[in-house]
Amino acid sequence: MRSLIPLLLFSTALAFATPAPSNLITNLAGRTRLNLDGNWNAIVDPYEIGLGSRFYENRKPKDKSDLVEYAFDAAGTLRVPGDWNTQRDTLLFYEGAVWYQRYFSYHKRGQIRTFLHFGAANYLARVYLNGEKLGEHEGGFTPFIFEVTSRVLEGQNSLVVEVSDVRRPDAVPAMSTDWWNYGGLTRSVDLLEAPETFVQDYFLQLAKGTSDQLAGWVQLNGVREPQTVSVEIPEIGLKKSVSTDANGRAELRFPAKLTLWSPEDPKLYRVVISSGADTVEDQLGFRTIETRGTQIILNGKPVFLRGISLHEEAPFRGGRIVSEEENRTLLEWAKELGCNFVRLAHYPYNEEMVRLADRIGLLIWEEVPVYWDIAWLNAATLENAEAQLRDIITRDHDRASIVLWSLSNETPPGPARTEFLRTMAEFARNLDPSRLLTSAMNHTRPAGTNTRSLDDPLGEYLDVLGLNEYVGWYEHRPEEADAIRWTSPYQKPLIMSEFGAGAVYGKHGDAGTRFTEEYQSNLFEHQISMLRQIPSLAGMSPWLLMDFRSPRRPLAGIQDFHNRKGLISDRGERKQAFYVLQKFYGELAKSGSH
28 MRSLIPLLLF STALAFATPA PSNLITNLAG RTRLNLDGNW NAIVDPYEIG LGSRFYENRK
88 PKDKSDLVEY AFDAAGTLRV PGDWNTQRDT LLFYEGAVWY QRYFSYHKRG QIRTFLHFGA
148 ANYLARVYLN GEKLGEHEGG FTPFIFEVTS RVLEGQNSLV VEVSDVRRPD AVPAMSTDWW
208 NYGGLTRSVD LLEAPETFVQ DYFLQLAKGT SDQLAGWVQL NGVREPQTVS VEIPEIGLKK
268 SVSTDANGRA ELRFPAKLTL WSPEDPKLYR VVISSGADTV EDQLGFRTIE TRGTQIILNG
328 KPVFLRGISL HEEAPFRGGR IVSEEENRTL LEWAKELGCN FVRLAHYPYN EEMVRLADRI
388 GLLIWEEVPV YWDIAWLNAA TLENAEAQLR DIITRDHDRA SIVLWSLSNE TPPGPARTEF
448 LRTMAEFARN LDPSRLLTSA MNHTRPAGTN TRSLDDPLGE YLDVLGLNEY VGWYEHRPEE
508 ADAIRWTSPY QKPLIMSEFG AGAVYGKHGD AGTRFTEEYQ SNLFEHQISM LRQIPSLAGM
568 SPWLLMDFRS PRRPLAGIQD FHNRKGLISD RGERKQAFYV LQKFYGELAK SGSH
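Quick note: the sequence shown uses our numbering, first residue 28, plus one each step.
See below:
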């Protein structure tokens, strides 16, 4: 991080309100920035009186007779980044509004533009600077930004953010999920500085059908006259210059001899992009990804995705992940399991998690929270879903680890739903045609004795089929999985995106006793037997790596508001099934096949 003078914040030019065109500034780590994390004053507002009472003004009584019925300075604090649920016992089950406030000092210098960047706020955020509204953002897992160049004051400023995690039927996700609705400013808040014209975004990848040609673009923000953009990869002695068009965009294509990125060799190159007074550096990997029949092809060779599903929940303490250490713990557990692939369910994770996967060599399925049943016929809901998809593609499109964009999870088939997701698929391909599209489906039909067919009409619009099935847990006994066969009318790769069973670490019994480690490990043995018989199987991401909180799991003494399907407990203890899957993945890696 380049250091920045005193302190903070912003206004609106890139001010984004759902679902305006994305004006995100990418690669936060490569920018001049001042981090605003720490303890913020916080007022809990269960009856949502704050807007009418103008909490955003942060007013103080003028004298002893002046009535002001709130006081940020006396309200207590919450840590940012962080969810409120795990910071105060009284807020564990709280769903509502919380008003955050902090002061910062700022000293203007030269012809510099200033932006306020939020990593994420769950779910609806309204942002105010010095009593003036900058804008609002809907969506709990994607970044948003406002320009404050003309609004930030010399000296002290007051920043106020109202965050509400109230669930709504027209939201994305909607009313019911199987994870904790962690509210708050859950990711970092930063003040960015940039020249009047700066590198806003860029996309650099191998040209389609080649392994020795780089192609992409650089987008400037600022003056519209043609500007020179330089792209440099020092390690291979490459430096190219191109000019921008009338929209500030420079198209790139040039030869480059590169070592391709893969899980076995996650090679990253230092890339330097500059134009005028602005220079941005990043670490990029280059690889190809495509399908061929029922195979997934990485760098020209078939790859089997030995995966596991995750939730972005902090190990040991619970709550949203807020540190590099917590990111690393989860991904290193996945590597220990033998994975080359992780499914980031069911929403976009923090950017540092994805960048870490780039560095340590894990392929990624990244998902937006179009989860279960939502308002398929509501145009605003579709706009919201597309905005979240757009913003995560914008944030992460330069990450080599990401090979799959997932549009949804376990959505009920029907004409409105299928059209909704078909529209999203088209939208995603227009934004990023270089990656594969998938969804986790779970509706199948019988196709003969012991045979099931995944014939969801959504499959027509996907590159890779995802299937969630719980044979041995929600239906049948584990032993019955051995005889079940799977088919599909689509000749496409299949990822078994979920299967599993609940188990409490340390609870033992015979293999027929629910919630024991023996039941879970037995189920995995029989699932593996079943999966070996699927010719189109190209990968798997069982449910899941670690136990996590869920309000849908109240069974006292067993679940205690946790989903217990993890192979590792939320205290880091490996269950028996962990070693069953680890052994299977070791065999796959050794044989080079599935």
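Using N, Cα and C, we set each Cβ at its ideal position, and we do this for glycine too.
Look at the alpha carbon of Tyr546 and the alpha carbon of Leu364, and state the distance between them as a whole number of angstroms.
Residue 546 sits at position 519 when you count from the first residue of the sequence shown. Residue 364 sits at position 337 when you count from the first residue of the sequence shown. Rounded to whole angstroms, Tyr546 to Leu364 spans 19 Å at the Cα level.
If you follow the alpha helix (DSSP H) that Tyr612 is in, where does it begin and where does it stop?
If you number the sequence shown from 1, residue 612 lands on position 585. First-last of the alpha helix (DSSP H) with Tyr612: 603–618.
Is Trp207 near Asn149, with beta carbons less than 8 Å apart?
On the sequence shown, position 180 is the one that residue 207 refers to. On the sequence shown, position 122 is the one that residue 149 refers to. No, the Cβ-Cβ distance between Trp207 and Asn149 is not below 8 Å.
Name the DSSP bridge partner or partners of Asn436?
For the purposes of this step, residue 436 is taken as the residue at position 409 of the sequence shown. According to DSSP, which records beta bridges pairwise, Asn436 is partnered with Tyr398, Ala467.
What's the gap between the Cα of Ala510 and the Cα of Gln554?
The residue labelled residue 510 in the question sits at position 483 within the sequence shown. The residue labelled residue 554 in the question sits at position 527 within the sequence shown. Their backbone Cα atoms lie some 10 Å apart in a straight line.
With Leu494 and Leu521 assumed to form a contact (beta carbons below 8 Å), what rounded beta-carbon distance in angstroms separates them?
Here residue 494 is taken as the residue at index 467 of the sequence shown, counted from 1. Here residue 521 is taken as the residue at index 494 of the sequence shown, counted from 1. With 8 Å as the limit, Leu494 and Leu521 qualify as a contact, their Cβ atoms being about 6 Å apart.
Mind pulling the beta strand (DSSP E) runs of 3 or more residues that sit fully within the segment 366–390?
The segment 366–390 contains these whole beta strand (DSSP E) runs: 368–371.
Do you know whose CA, among Phe368, Thr213, Phe99, Phe171, lies nearest Leu571's CA?
Counting from 1 along the sequence shown, the entry for residue 571 is found at position 544. Answer by Cα proximity: Phe368.
Could you tell me the alpha carbon to alpha carbon distance between Asp228 and Gly243, rounded to whole angstroms?
Here residue 228 refers to the residue found at position 201 of the sequence shown. Here residue 243 refers to the residue found at position 216 of the sequence shown. Rounded to whole angstroms, Asp228 to Gly243 spans 11 Å at the Cα level.
So is Ala628 buried or exposed if we call it buried at 16+ other beta carbons inside 10 Å?
Not covered by the structure: residue 628. The range shown for the chain is 28 to 621.
Using the beta-carbon count (16 or more within 10 Å), is Ser618 buried or exposed?
Here residue 618 refers to the residue found at position 591 of the sequence shown. When all chains shown are included, Ser618 counts as exposed.
Check the DSSP bridge columns for Phe331 and list the partner residues they point to.
Indexing the sequence shown from 1 puts residue 331 at position 304. DSSP, once it has assigned bridges, lists no residue as partnering Phe331.
According to the Cβ coordinates, are Gly109 and Thr213 closer than 8 Å?
Locating residue 109 in the sequence shown gives position 82, where the first residue counts as 1. Locating residue 213 in the sequence shown gives position 186, where the first residue counts as 1. Result yes, Cβ atoms of Gly109 and Thr213 sit closer than 8 Å.
In chain order, what are the residue ranges of uninterrupted beta strand (DSSP E) at least 3 long that sit wholly in the segment 130–193?
As far as the segment 130–193 is concerned, its whole beta strand (DSSP E) runs of at least 3 residues are 139–145, 151–156, 159–165, 171–174, 182–191.
Are there 16 or more other CB atoms within 10 angstroms of the CB of Lys602, so buried, or fewer, so exposed?
Numbered from its first residue, the sequence shown carries residue 602 at position 575. Classification of Lys602: buried, given that the 10 Å Cβ count is 16 or more.
For the alpha helix (DSSP H) that Glu353 lies in, which residues bound it at each end?
In the sequence shown, residue 353 corresponds to position 326, counting from 1. Taken as a continuous stretch (DSSP letters only), the alpha helix (DSSP H) holding Glu353 covers 351–364.
Whose C-beta lies closer than 7 Å to the C-beta of His424 among residues of the same chain, with five residues either side of it excluded?
For the purposes of this step, residue 424 is taken as the residue at position 397 of the sequence shown. Around His424: Phe230, Asp459.
Using 10 angstroms around the beta-carbon of Pro48, count the other beta-carbons present and answer buried if the total reaches 16, otherwise exposed.
Numbered from its first residue, the sequence shown carries residue 48 at position 21. Confidence in Pro48 is poor, its pLDDT being 31 and thus under 50, which makes the residue's placement unreliable; the coordinate value appears in the next sentence. The residue is exposed, with fewer than 16 neighbouring Cβ atoms inside 10 Å.
With burial defined as no fewer than 16 other Cβ atoms inside 10 Å of the residue's Cβ, what is the status of Val95: buried or exposed?
Sequence index remark: in the sequence shown, residue 95 carries index 68 (1-based). Exposed, since its Cβ has fewer than 16 Cβ neighbours within 10 Å.
On a Cα-Cα basis, can you pick out the residue from Phe173, Gly158, Gly162, Val199 that is closest to Gln183?
Position 156 of the sequence shown, counted from the start, is the residue given in the question as residue 183. Taking only the C-alpha atoms, the option nearest Gln183 is Gly158.
Is Gln240 helix, strand or coil when you go by DSSP?
Sequence index remark: in the sequence shown, residue 240 carries index 213 (1-based). Correct three-state label for Gln240: strand.
Buried or exposed: which applies to Gly103, given that a residue is buried once 16 or more other Cβ atoms fall within 10 Å of its Cβ?
Residue 103 sits at position 76 when you count from the first residue of the sequence shown. It is exposed - the Cβ of Gly103 has fewer than 16 other Cβ atoms within 10 Å.
Residues in the same chain with beta-carbon distance under 7 Å from Ala538, minus the five sequence neighbours each way, listed in chain order, please.
Walking along the sequence shown from the start, residue 538 turns up at place 511. Answer for Ala538: Glu545, Tyr546, Asn549, listed in chain order.
Is Leu390 closer than 8 Å to Ser428 when the C-beta atoms are compared?
For this step, residue 428 is matched to residue 401 along the sequence shown. For this step, residue 390 is matched to residue 363 along the sequence shown. Yes, the Cβ-Cβ distance between Ser428 and Leu390 is below 8 Å.
Spell out the partners DSSP gives Met567 in its beta bridges.
Translated into the one-based positions of the sequence shown, residue 567 becomes position 540. Arg333, Met523, per the DSSP bridge assignment.
Would a C-beta distance cut-off of 8 Å place Phe526 and Tyr501 closer than the cut-off?
Position 499 of the sequence shown, counting from 1, holds the residue named residue 526. Position 474 of the sequence shown, counting from 1, holds the residue named residue 501. Result no, Cβ atoms of Phe526 and Tyr501 do not sit closer than 8 Å.
Helix, strand or coil for Val585 per DSSP?
One-based indexing of the sequence shown puts residue 585 at position 558. The residue you asked about is not Val; residue 585 is Ile in the sequence shown. Of the three classes helix, strand and coil, the one that applies to Ile585 here is coil, per DSSP.
Pairs of beta-carbons, one from the segment 190–200 and one from the segment 115–130, closer than 8 Å: are there three or more?
A contact exists between the segment 190–200 and the segment 115–130.
Identify, in the order they occur along the chain, each residue of the same chain with its Cβ nearer than 7 Å to the Cβ of Leu463, setting aside the five sequence neighbours on each side.
The sequence position of residue 463 within the sequence shown is 436, counting from 1. Only Ile316, Thr318, Val430, Leu431, Asp490, Val491 meet the Cβ criterion.
With burial defined as no fewer than 16 other Cβ atoms inside 10 Å of the residue's Cβ, what is the status of Tyr74: buried or exposed?
Position 47 of the sequence shown, counted from the first residue, corresponds to residue 74. By the neighbour-count rule (16 or more Cβ atoms within 10 Å), Tyr74 is not buried but exposed.
Which same chain residues end up closer than 6 Å to Tyr374 when comparing Cβ atoms and leaving out the 5 residues on each side of it in sequence?
Translated into the one-based positions of the sequence shown, residue 374 becomes position 347. Correct list, in chain order: Phe168, Pro396.
Between Trp399 and Glu437, which are expected to be in contact by the criterion C-beta below 8 Å, what is the C-beta distance as a whole number of angstroms?
Locating residue 399 in the sequence shown gives position 372, where the first residue counts as 1. Locating residue 437 in the sequence shown gives position 410, where the first residue counts as 1. Correct: roughly 6 Å between the Cβ atoms.
Please name the residue in Ser336, Leu448, Thr450, Phe454 whose C-alpha comes closest to that of Ile420.
The residue labelled residue 420 in the question sits at position 393 within the sequence shown. It is Phe454.
Restricting to runs no shorter than 3 residues, where is the beta strand (DSSP E) found entirely within the segment 469–547?
For the segment 469–547, whole beta strand (DSSP E) runs of length 3 or above, ordered along the chain, are 478–480, 491–495, 512–514, 521–525.
Given a threshold of 16 other Cβ atoms within 10 Å of its Cβ, counted over all protein chains shown, does His144 qualify as buried or as exposed?
In the sequence shown, the residue the question calls residue 144 occupies position 117. Per the 10 Å Cβ criterion, buried.
With the cut-off set at 8 Å, would you say Arg591 and Val531 are in Cβ contact?
In the sequence shown, counting from the first residue as 1, residue 591 sits at position 564. In the sequence shown, counting from the first residue as 1, residue 531 sits at position 504. It is a contact, given that the beta carbons lie within the stated cut-off.
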